[in-house]
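See structure below.
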Amino acid sequence: MRKRSLAMVYELAKRDRRVVFIGSDLSPGTLPELKRHCPERYFMEGIAEANVIGMAAGMAMEGLLPYVNTIATFITRRCYEQVAIDLCLHDLPVRLIGNGGGYVYAPLGPTHQAIEDIAIMRALPNMTVTAVCDADEIARLMDASLDWPHPIYIRLAKGGDPIISREERGFAIGKAINMIDDERGRSDVLLIATGVATTQALRAAERLAAEGVRCRLLHLHTIKPLDRRALLDAASATDLVVTVEEHSLIGGLGSAVIEALVDEGLGGLPRVKRLGIPDKFANHYGSQSALMAHWGLDTAGIVRAVHDARGGLRS
Amino acid sequence: MKEAMAFTYATDLERVKAQPLDERSRYLRGLIFRAIEKGGRGHIGPALSIVEIIRVLYDDILRQRPAEPKWPGRDRFILSKGHGCLALYAVLADKGYFPAQELDRFCHFDGILGGHPEVIVPGVEACTGALGHGLPVGIGMALAARIQGRDSRIVVLMGDGEINEGSVWEAAACADKHGLGNLTAIIDYNRMQSAGSVYEIQNMEPLADKWTSFGFQVSECNGHDVEELRAALGAAVRQPAKRARLVLCHTVKGKGIPSAENNPSWHHKSDLTEEVRQAIRGASG
Numbered sequence: 000m001r002k003r004s005l006a007m008v009y010e011l012a013k014r015d016r017r018v019v020f021i022g023s024d025l026s027p028g029t030l031p032e033l034k035r036h037c038p039e040r041y042f043m044e045g046i047a048e049a050n051v052i053g054m055a056a057g058m059a060m061e062g063l064l065p066y067v068n069t070i071a072t073f074i075t076r077r078c079y080e081q082v083a084i085d086l087c088l089h090d091l092p093v094r095l096i097g098n099g100g101g102y103v104y105a106p107l108g109p110t111h112q113a114i115e116d117i118a119i120m121r122a123l124p125n126m127t128v129t130a131v132c133d134a135d136e137i138a139r140l141m142d143a144s145l146d147w148p149h150p151i152y153i154r155l156a157k158g159g160d161p162i163i164s165r166e167e168r169g170f171a172i173g174k175a176i177n178m179i180d181d182e183r184g185r186s187d188v189l190l191i192a193t194g195v196a197t198t199q200a201l202r203a204a205e206r207l208a209a210e211g212v213r214c215r216l217l218h219l220h221t222i223k224p225l226d227r228r229a230l231l232d233a234a235s236a237t238d239l240v241v242t243v244e245e246h247s248l249i250g251g252l253g254s255a256v257i258e259a260l261v262d263e264g265l266g267g268l269p270r271v272k273r274l275g276i277p278d279k280f281a282n283h284y285g286s287q288s289a290l291m292a293h294w295g296l297d298t299a300g301i302v303r304a305v306h307d308a309r310g311g312l313r314s
Numbered sequence: 000m001k002e003a004m005a006f007t008y009a010t011d012l013e014r015v016k017a018q019p020l021d022e023r024s025r026y027l028r029g030l031i032f033r034a035i036e037k038g039g040r041g042h043i044g045p046a047l048s049i050v051e052i053i054r055v056l057y058d059d060i061l062r063q064r065p066a067e068p069k070w071p072g073r074d075r076f077i078l079s080k081g082h083g084c085l086a087l088y089a090v091l092a093d094k095g096y097f098p099a100q101e102l103d104r105f106c107h108f109d110g111i112l113g114g115h116p117e118v119i120v121p122g123v124e125a126c127t128g129a130l131g132h133g134l135p136v137g138i139g140m141a142l143a144a145r146i147q148g149r150d151s152r153i154v155v156l157m158g159d160g161e162i163n164e165g166s167v168w169e170a171a172a173c174a175d176k177h178g179l180g181n182l183t184a185i186i187d188y189n190r191m192q193s194a195g196s197v198y199e200i201q202n203m204e205p206l207a208d209k210w211t212s213f214g215f216q217v218s219e220c221n222g223h224d225v226e227e228l229r230a231a232l233g234a235a236v237r238q239p240a241k242r243a244r245l246v247l248c249h250t251v252k253g254k255g256i257p258s259a260e261n262n263p264s265w266h267h268k269s270d271l272t273e274e275v276r277q278a279i280r281g282a283s284g
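Those protein sequences? They're chains U and X, same order as listed. The opening residue of the first sequence carries number 0 in numbering that gives the first Met the number 0; numbering runs sequentially from there. The opening residue of the second sequence carries number 0 in numbering that gives the first Met the number 0; numbering runs sequentially from there.
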């Protein structure tokens, strides 16, 4: 996903002279084509995120379109005030590409695990927050980012993730995608997911469908602005909503969904179960998939949670 | 004891303290006092130390069109020490960027002039107030000018307390790396930060040596002497260079109100007692 996103920066730079790339001490050989063909728009800066964000803001104030890339924790936590003031207060079209959202850097420990990035980025006025599900979808997001007039946080996954998105379903920033085409009408359970958690949710939906449970799956690649219309339409036609995210249960996708449902005052709210990371730093290493399974964010965990919740509904 | 930690400079600091203010400087301070009286508050000391710096920039150095604040060919000025905004507002009002009557609505609910400057104000390039943001943004503007083939010059004014912030030094290293000859940083060296003397709170000396070692071409001047400022800022901003410049302006916090000078309790006032109002009126007279 990361490789594809950077390849897209080069494509966009060829297409649009406003596009500038700024990395913060990334691996050698990052974006060699851009460096070779457009050296004046290629910046590999030091380990200095506050400066990098301010620099991107100054460029954007002059009409450039900076794509900034480093590890997700560093581009969110480390320079939060710069993101808030320099980018969001000025509402500038800077793109923050965060490597390793969620547990991608599981072996590297909590310093490198972006488990609250969606929450803190979502809290900033003017910020758009995205977490696509695969490499094909990142290409669509990058394409759409060229003309989006606000700052965007782009949460990346690991790379090599299974491709589940489909071009025919379309893509627009802020528009939810229905991932199960043949499911119409009322459902037993509505799964709502973001990022690569959508892949786990899709597998869970297939397993549940095989058991005769009517499932719908809404993929929210854009957590902010939230597609309230699609969410409310789907939530008003189900008995159970289950949100799935590789993120803290505080302030992420599940929180955004509940806020929207409550704000819109749906008559008779469906039961909502949120799956995510508890209010804890990881105390294991291993792999992303192992940590996701540890908190029940894998296919089996989602199926189990749906069973439990539906059991609760019946009793 | 802490004052003794100050490094010696070529500028005569006694002359800085005694520097008389000419009619224009007194007039601009009058605009600041008007906003403070009407707004009932303000960062007084930090504005009064930079009046001459900003006045000279706008009168003599920067290429600007007040009737066309977004003119692409303009030079950019960022007041990184945003809390000194009253001095900027006074100069911008005087230059006609907005009607002087706006000063009467300083910090009012429906005014455009807040306690820290925002881009809603004609002539303000960047929202500042949180410290340590201006130099990185200025670097971005300087690089953009290079990419876009413009000869705009970028000037960033920082406080001597502000440079405690780590982001300033991240930016200083970056400016050197890119050889930004179109960037000038200015430090308002009044030797006082909010809590007291900069030598007590966080000594940054040797200041000129620090900036020199970070790759800046450093000069200094009396920040209240208009002629010295014209020469120092003119040389720094206008002369072609391969490196970023830094002008260390020796100033007096609260300059122009005798009881406020070098008095940390005048850093910010939100309750204008009769005594404070009298001191301001006395200075205005």
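Note that beta-carbon positions come from the ideal geometry of N, C-alpha and C, so glycine has one too.
Contact list for residue i against chain X, beta-carbon separation under 8 Å
i: R40 of chain U; result: I146
i: E61 of chain U; result: G139, M140, A143, A144, Q147
Exposed unless 16 or more other CB atoms sit within 10 angstroms - verdict on residue i
i: M0 of chain X; result: Note that M0 of chain X scores 41 on pLDDT, short of 50, meaning its location in the model is unreliable and no value can be drawn from it.
i: A289 of chain U; result: exposed
i: I162 of chain U; result: exposed
i: A71 of chain U; result: buried
i: E219 of chain X; result: buried
i: N282 of chain U; result: exposed
i: K286 of chain X; result: Outside the shown range of chain X, which is 0 to 284, sits residue 286 of chain X, and nothing can be said about it.
i: H42 of chain X; result: buried
i: L156 of chain X; result: buried
i: Y102 of chain U; result: buried
i: D262 of chain U; result: exposed
i: Q238 of chain X; result: exposed
i: F108 of chain X; result: exposed
i: G44 of chain X; result: buried
i: F280 of chain U; result: exposed
Distance cut-off 6 Å: residue i Cβ against heavy atoms of the ligand COA
i: R75 of chain X; result: By its list of ligands, the structure shown contains no ligand whatsoever, and the ligand COA lies outside what it can speak to.
Proximity of residue i and residue j at Cβ, strictly below 7 Å
i: I114 of chain U; j: V128 of chain U; result: no
i: V236 of chain X; j: R152 of chain X; result: yes
i: M54 of chain U; j: G139 of chain X; result: yes
i: A175 of chain U; j: A236 of chain U; result: no
i: V131 of chain U; j: A196 of chain U; result: no
i: D187 of chain X; j: I49 of chain X; result: yes
i: T69 of chain U; j: S23 of chain U; result: yes
i: L231 of chain U; j: G275 of chain U; result: no
i: A231 of chain X; j: V246 of chain X; result: yes
i: E258 of chain U; j: G194 of chain U; result: no
Within chain U, partners of residue i - CB distance below 9 Å
i: C84 of chain X; result: Ordered by position in chain U, no residue passes the 9 Å Cβ test against C84 of chain X, which lies about 15 Å from the chain.
i: A172 of chain X; result: G45, A47, N50
Own chain, CB closer than 8 Å to residue i, minus 5 neighbours either side, in chain order
i: L30 of chain X; result: Y88, A89, A92, D93, A99, L102
i: A66 of chain X; result: G95
i: G311 of chain U; result: R270
i: R206 of chain U; result: T298, V302
6 Å Cβ shell around residue i - same chain, five flanking residues per side excluded
i: F42 of chain U; result: I21
i: L95 of chain U; result: V67, I74, Y152
i: V8 of chain U; result: F20, Y66
i: S286 of chain U; result: A105
i: E124 of chain X; result: R75, I77
i: A282 of chain X; result: G255, I256
i: R244 of chain X; result: T183, Q216, A235
i: Y317 of chain U; result: Past the edges of chain U, shown from 0 to 314, lies residue 317 of chain U, and the structure says nothing about it.
i: G158 of chain X; result: K80, D187
i: I200 of chain X; result: Q192, A194
Proximal residues of chain U, C-beta to C-beta of residue i below 7 Å
i: E169 of chain X; result: A47, A49, N50
Neighbourhood of residue i by C-beta, 7 Å cutoff - its chain only, sequence neighbours within 5 removed
i: R3 of chain U; result: A134, I137, A138
i: P148 of chain U; result: P92
i: H115 of chain X; result: G81, H82, C84, T127, G128
i: A204 of chain U; result: I179, L190, C214, L216
i: A234 of chain U; result: L189, V240, L260, L265, P269
Chain U contact residues for residue i, given Cβ-Cβ distances below 8 Å
i: L142 of chain X; result: F42, M54, G57, M58
i: V136 of chain X; result: G53, M54, A56, G57, M60, D85
Partners in chain X for residue i, counting only beta-carbon separations shorter than 7 Å
i: I74 of chain U; result: Chain X residues near I74 of chain U: none, gap ~15 Å exceeds 7 Å.
Chain X contact residues for residue i, given Cβ-Cβ distances below 9 Å
i: L88 of chain U; result: E117, V118, C126
i: E166 of chain U; result: Per Cβ cutoff of 9 Å: no residues; E166 of chain U is ~34 Å from chain X at best.
Residue-level contact to chain C via CB, residue i, 7 Å cutoff
i: I84 of chain U; result: The structure shown contains no chain C; its protein chains are U and X.
Practice item. Check whether the region 236-251 of chain X touches the region 211-225 of chain X, counting contact only when three or more Cβ pairs, one atom from each stretch, lie closer than 8 Å. Key: Yes, the region 236-251 of chain X touches the region 211-225 of chain X.
Review point. With a cut-off of 8 Å, do at least 3 Cβ pairs link the region 160-175 of chain X to the region 57-73 of chain X?
Key: Taking a contact to require three or more Cβ pairs closer than 8 Å, the region 160-175 of chain X and the region 57-73 of chain X do not qualify as touching.
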